[in-house]
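Novice:
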Amino acid sequence: MGKLIYGATTREITIDDRTLAHLKVAITNKLRRSESFTMSWDHGTENGGGRSTIWIHESIPLQFVFDGSRRPILNRVWLEQLMVTANSTNGLQLVPEPSEDEPFGE
Numbered sequence: 001m002g003k004l005i006y007g008a009t010t011r012e013i014t015i016d017d018r019t020l021a022h023l024k025v026a027i028t029n030k031l032r033r034s035e036s037f038t039m040s041w042d043h044g045t046e047n048g049g050g051r052s053t054i055w056i057h058e059s060i061p062l063q064f065v066f067d068g069s070r071r072p073i074l075n076r077v078w079l080e081q082l083m084v085t086a087n088s089t090n091g092l093q094l095v096p097e098p099s100e101d102e103p104f105g106e
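For the sequence shown, UniProt numbering gives the first residue as 1, with consecutive numbering after it.
Below, the structure is given as structure tokens:
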């Protein structure tokens, strides 16, 4: 499990390495264009339910810390889905990873 470390308070958000690698690409692409946005995720029933949202802005410190040393092969369809959500009014949403064979938009 990796960590997204957010802000000066070093809030740590635990995310599995594979998901974190995809989020890193989506977030970096938005910030490279100086685009601010929100990112939201569900806590899951195993963590008591609920959800969180953070504001992502280029002036807010952000670190991606991976537990593993291997870089995963990225799922292009998943990256496209993450970018679509990041560009929406609801902001970046952690959506489940689709199959590589699944056509985009279905």
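Backbone N, C-alpha and C define an ideal beta-carbon position, used for all residues, glycine too.
Note that the structure is a prediction, hence the values are computed from the model and not measured.
Reducing DSSP to helix, strand and coil, say where V65 ends up.
Specialist: Here V65 sits in strand by DSSP.
Novice: Thinking C-beta only, is F37 closer than 9 Å to residue 163?
Specialist: This structure cannot settle anything about residue 163, because the visible part of the chain is limited to 1 through 106.
Novice: I'd like to confirm the pairing. Which residues does DSSP put opposite W55 in its beta bridges?
Specialist: T38, per the DSSP bridge assignment.
Novice: Who does G2 pair with in a DSSP beta bridge?
Specialist: Its beta-bridge partners are I15.
Novice: In whole angstroms, what separates the C-alpha of R18 from that of A86?
Specialist: Approximately 18 Å between the Cα atoms of the pair.
Novice: Report all residues from its chain with a CB closer than 7 Å to the CB of S34; omit the five preceding and five following residues, and keep chain order.
Specialist: Excluding sequence neighbours, S34 sits near E58.
Novice: Which of helix, strand or coil does DSSP assign to L94?
Specialist: Looking at L94 - three-state DSSP - the assignment turns out to be coil, as it is neither helix nor strand.
Novice: Is the stretch 69-84 touching the stretch 1-15 in the sense that three or more CB pairs, one from each, lie closer than 8 Å?
Specialist: With the cut-off at 8 Å, the stretch 1-15 and the stretch 69-84 do not touch.
Novice: Note down, in chain order, each residue of its chain lying with its Cβ closer than 6 Å to the Cβ of T13, except the 5 sequence neighbours on either side.
Specialist: Before going on, a small fix: residue 13 reads as Ile here, not Thr. L4.
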